[in-house]
Amino acid sequence: MRKLYIIGIGAGNPEHVTIQAIKAMNQVDVFFVTSKGEAKNDLMQFRKDICERYIDEPSYRTIEIVDLERDPSITSYTSRVEAWHKQRALTYEALLKNELQEDECGAFLIWGDPSLYDSTLRVVDQIISRGQVHFDYEVIPGITSIQALAARHKITLNGVGESICITTGRQLSAGLVSDTENVVVMLDGECSFKNVLNQEVEIYWGAYIGSDKEILLSGRVTEKAESIEMARSAAREKNGWVMDTYLLRNPSARRP
Ligand SMILES: C[S@@+](CC[C@H](N)C(=O)[O-])C[C@H]1O[C@@H](n2cnc3c(N)ncnc32)[C@H](O)[C@@H]1O
Numbered sequence: 017m018r019k020l021y022i023i024g025i026g027a028g029n030p031e032h033v034t035i036q037a038i039k040a041m042n043q044v045d046v047f048f049v050t051s052k053g054e055a056k057n058d059l060m061q062f063r064k065d066i067c068e069r070y071i072d073e074p075s076y077r078t079i080e081i082v083d084l085e086r087d088p089s090i091t092s093y094t095s096r097v098e099a100w101h102k103q104r105a106l107t108y109e110a111l112l113k114n115e116l117q118e119d120e121c122g123a124f125l126i127w128g129d130p131s132l133y134d135s136t137l138r139v140v141d142q143i144i145s146r147g148q149v150h151f152d153y154e155v156i157p158g159i160t161s162i163q164a165l166a167a168r169h170k171i172t173l174n175g176v177g178e179s180i181c182i183t184t185g186r187q188l189s190a191g192l193v194s195d196t197e198n199v200v201v202m203l204d205g206e207c208s209f210k211n212v213l214n215q216e217v218e219i220y221w222g223a224y225i226g227s228d229k230e231i232l233l234s235g236r237v238t239e240k241a242e243s244i245e246m247a248r249s250a251a252r253e254k255n256g257w258v259m260d261t262y263l264l265r266n267p268s269a270r271r272p
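Count along the sequence shown starting at 1, add 16, and that's the number in my numbering.
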């Protein structure tokens with residue numbers, strides 16, 4: 017039977033690839049590599065580099081998947097994403113059928129960890145429920161950009177007994193984040209931290225975390241917002257893309 021690995025590869029430091037991931041990568045006949053957006057070339061190169069670095073006998077094939085754009089004519093965000101997942105399921109299904117022999121092993125290399133803001137597992141579920149191609153699959157966890165952020169700032173994500181909310185810039189800007197002590201924000205192209213006006217809130221920000229382009233800044237959000245925005249925009253200008261993640265810590269949230 018065909019076998020598929022969904023392998024988390026960490027968020028930019030090749031030394032974050034786990035031993036479990038390396039063992040799985042060494043069994044793979046076909047890597048399906050998707051990438052999109054401004055960071056496409058660098059992220060594609062990172063995947064190629066880790067394959068070259070960690071695979072002992074490089075007899076594998078690589079298939080690049082041109083990721084489809086979401087259909088802008090669908091106005092509801094959820095419907096737009098659902099339609100995009102459906103389209104992806106059909107593409108991946110055809111690739112598994114046509115590019116992977118019955119006794120071969122394929123893999124998707126997932127940025128960070130597959131459980132966090134990544135739709136590959138949802139797409140795999142759809143392929144399975146369509147029943148057109150049969151395969152076993154296994155998920156290998158990876159180090160997320162959140163873990164890398166915490167390690168580089170040498171912080172815990174939560175104080176003793178506190179909660180952590182993980183969300184997007186869109187949710188933060190829309191005021192949809194509840195009054196939680198610790199909020200991790202990802203996928204924020206708009207520097208939504210600028211809207212946080214509470215002077216007690218601290219920010220721990222990182223871009224390109226784990227890589228040689230890494231930038232780290234921290235302090236009270238009201239004092240640091242401007243310099244973070246400037247650093248982000250300069251880095252984006254220089255490299256053509258930027259990925260950043262941050263923790264907002266509100267010492268007075270939820271306290272009695
Ligand atoms: C589509 S999500 C993928 C998250 C990934 N699965 C993970 O486990 O980290 C992309 C977002 O992750 C964050 N991210 C990923 N890699 C990063 C890095 N090296 N430095 C900072 N943020 C990163 C950014 O917020 C980016 O917008």
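In this text, a Cβ means the ideal position worked out from N, Cα and C, and glycines have one as well.
For residue i, the three-state DSSP class (helix, strand or coil)
| i | result |
| --- | --- |
| Leu84 | coil |
| Gly256 | coil |
| Asp65 | helix |
| Lys52 | coil |
| Trp100 | helix |
| Lys240 | helix |
| Glu115 | helix |
| Val33 | coil |
| Ser227 | coil |
| Glu218 | strand |
Exposure of residue i, with buried meaning 16 or more beta-carbon neighbours within 10 Å
| i | result |
| --- | --- |
| Tyr220 | buried |
| Ser75 | exposed |
| Val258 | buried |
| Leu316 | Given a span of 17 to 272 for the chain in the structure shown, any question on residue 316 remains unanswerable. |
| Arg18 | buried |
| Gln163 | buried |
| Val82 | exposed |
| Thr261 | buried |
| Thr91 | exposed |
| Asn197 | A small correction: the amino acid at residue 197 is Glu; Asn does not occupy that position in the sequence shown. Classification for Glu197: buried. |
Among the options, nearest to residue i - alpha-carbon criterion
| i | options | result |
| --- | --- | --- |
| Val200 | Glu239, Thr160 and Asp58 | Thr160 |
| Lys39 | Gly24, Gln163 and Ala55 | Gly24 |
| Gln215 | Ser92, Val237 and Arg63 | Val237 |
| Ser51 | Thr136, Ile162 and Lys254 | Thr136 |
| Asp204 | Cys121, Pro30 and Ala190 | Ala190 |
| Lys210 | Tyr133, Glu242 and Leu233 | Glu242 |
Beta carbon proximity, residue i to chain C, threshold 8 angstroms
| i | result |
| --- | --- |
| Glu73 | Absence of chain C from the displayed structure is noted, only one protein chain being present. |
beta-carbon residue i near ligand 2 non-hydrogen atom, thresh 7 angstroms
| i | result |
| --- | --- |
| Leu232 | Absence of ligand 2 is noted for the structure shown, with ligand 1 being the only ligands found. |
**Q.** Within the region 126-202, ranges of the alpha helix (DSSP H) (whole runs, at least 4 residues)
**A.** 136-146, 161-169 and 185-189
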